[in-house]
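Input: a single structure, listed below in structure tokens.
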């Protein structure tokens, strides 16, 4: 039980962890994509706001104070701060905070050259606003706006974990004067989204112990259910091994386990059928072997007592009963040998010669139709099978009946059809091929009842089948088929 539980626990836990890792990976990738989209949108909106400020004439004083006033008037709470520097890289003014909430003025002072002891970082978004004057006191207008390739800028070492989302270069009539580096809150630090984002990541961490609990409970439930089912199966198989019939196994919700239940129930039915057959076999073989033996004893006792004369006719009767006993014992031995270790050795046999060799042993004529040149089989075994079928056909037809035999082939198999007068008892079904089973016509005739079982066993060795069916009211067909 403990091993089963541990196996299920580890399997379910690994599946749960795998799903959780995939979900976390999706969350992080989606967060990174959303964050980049967020930053680009904030930058584009800020550039648009700067452009509108210039167009509206609020940028009339193009000194540092004017730039500071115009930029700080832009109302966008997603912007955490910005740095204004000259084209030489000197920090002229810093305003606001870094994305994690540190004041920029705490580590950036005026006229500080950022490139000194700085860290080079590439800025993806970089645009140049080229302005032209509208006249003294009338402000400026945007002459053109161009986007440049990502550019490398120097940042203070204390900002190495921060990110400038983009830069705007202010130029007048082509002369670059100021660079505005823009910083923004991330979705995790923005006032209206940080709680939601943090809750998502905390929820992902909380899912780890939940996975453990889920795996533990699921493994316990599944292992307990399966252990109980396994015990039921073990008990049922032990009962079957001791010969106890009609075993019962509770039905399961799991369809795969129910297949095992059905298989065991089918095995139970087969074992009961086999047990029934064994009893019938013992009874039949005792009767079939005892009959000629009793006849021989009666003749011998009669000869000793003087009841039967010791003449040629009596000896012939004694010889006949001895031959019958020998034949039946031989068939039992043959059937046992076929069931045990016989292997069919296949070879190509001429079909006409194969048929002639069999018909030499019959005095009654057979209507033969050979429709192929050769067949592939174990010739001695197949001759024995066909001989038994023909004997069975003659016994069923009676002295006045006729028997026909056809040998043919198709693309993938060989077939033989033996047709005789008679009928197949409707209540026999598959038992017709069981040992020591006889049809109605045999109830007044002798025979061991092993002819058809021997033939069926031989065809089984050829991966073939024998099928008995009623063609019409007075004719029965035995169809033999085996693959090429």
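Numbering (my numbering), first residue to last: 78 to 561.
C-beta atoms are modelled at their ideal positions from N, C-alpha and C, and glycine is treated no differently.
DSSP lists 207 as the beta-bridge partner residues of residue 221. For residue 435, the enclosing alpha helix (DSSP H) starts and ends at 428 to 436.
Residue pairing from DSSP places residue 425 in a beta bridge opposite 453. Taking C-beta separations shorter than 6 Å and ignoring five residues to either side along the sequence, the partners of residue 338 in its chain run 326, following chain order.
When the five nearest sequence neighbours on each side are left out, the beta carbons in the same chain lying within less than 6 Å of the beta carbon of residue 429 are those of 447, in order along the chain. In the three-state reduction of the DSSP assignment, residue 167 falls in the strand class, which pools E and B. Only residues of its own chain outside the window of five on either side were considered, and among them 265 have a CB closer than 8 Å to the CB of residue 275, listed in chain order. Taking C-beta atoms under 8 Å as the contact rule, residue 119 and residue 261 qualify, at a distance of about 5 Å. Within the DSSP secondary-structure output, residue 560 pairs in a beta bridge with 490. Under DSSP, residue 202 forms a beta bridge with 243. Inclusion of residue 398 and residue 442 in the CB contact set at 8 Å is not warranted, their separation being larger than that value. The three-state secondary structure of residue 259, taken from DSSP, is strand. DSSP places residue 534 inside the alpha helix (DSSP H), whose first and last residues are 528 to 538. Listed in chain order, the non-local C-beta contacts of residue 412 below 8 Å within the same chain comprise 512, 527, 530, 531, 534, local neighbours out to five positions each way being set aside.
In this structure, the alpha-carbon of residue 113 lies about 14 Å from that of residue 259. Taking 8 Å as the cut-off, the Cβ atoms of residue 555 and residue 545 count as close. Counting C-beta pairs closer than 8 Å gives three or more between the stretch 421 to 441 and the stretch 451 to 461, which meets the contact rule. In the structure shown, residue 500 falls within a coil segment according to DSSP collapsed to helix, strand and coil. Taking the Cβ atoms as the reference, residue 89 lies roughly 4 Å from residue 292, within the contact range of under 8 Å.
Residue 481 has 444, 496 as its beta-bridge partners, per DSSP.
Cβ-Cβ separation between residue 287 and residue 247: approximately 54 Å, too far for a contact (criterion under 8 Å). Assignment of residue 419 by DSSP, reduced to helix, strand and coil, places it in the coil class. Close CB contacts of residue 483 within its chain, under the 6 Å cut and outside five residues either way in sequence, are with 446, 494 (chain order). Taken atom to atom, the span from the alpha-carbon of residue 141 to that of residue 122 is near 22 Å.
Assignment of residue 175 by DSSP, reduced to helix, strand and coil, places it in the coil class. For residue 439, the secondary structure class from DSSP, reduced to helix, strand or coil, is coil.
Per DSSP, residue 146 lies in no beta strand (DSSP E); the unbroken alpha helix (DSSP H) holding it starts and ends at 141 to 149. Take residue 536, set aside five residues on each side of it, and the residues of its chain with a beta-carbon closer than 7 Å to its own are 462, 542, 543, 557, 559, in chain order. The residue from 307, 345, 323 with its alpha-carbon nearest to that of residue 334 is 307. Sequence-distant Cβ neighbours of residue 178 in its own chain, meaning closer than 6 Å and more than five residues away, do not exist here. Excluding five sequence positions before and after residue 376, the CB atoms of its chain that fall closer than 8 Å to its own CB belong to 385, 391, 394, 395, 398, given in chain order. One Cα belongs to residue 155, the other to residue 251, and the distance between them is close to 31 Å. Residue state for residue 548 is assigned as coil, using DSSP reduced to three classes. In the three-state DSSP reduction, residue 155 falls in the coil class, being neither helix nor strand. The shortest C-alpha to C-alpha distance from residue 363 to any of 405, 161, 172 is the one to 405. Using a 10 angstroms sphere on the CB of residue 365, the tally of other CB atoms reaches 16 or more, which defines it as buried.
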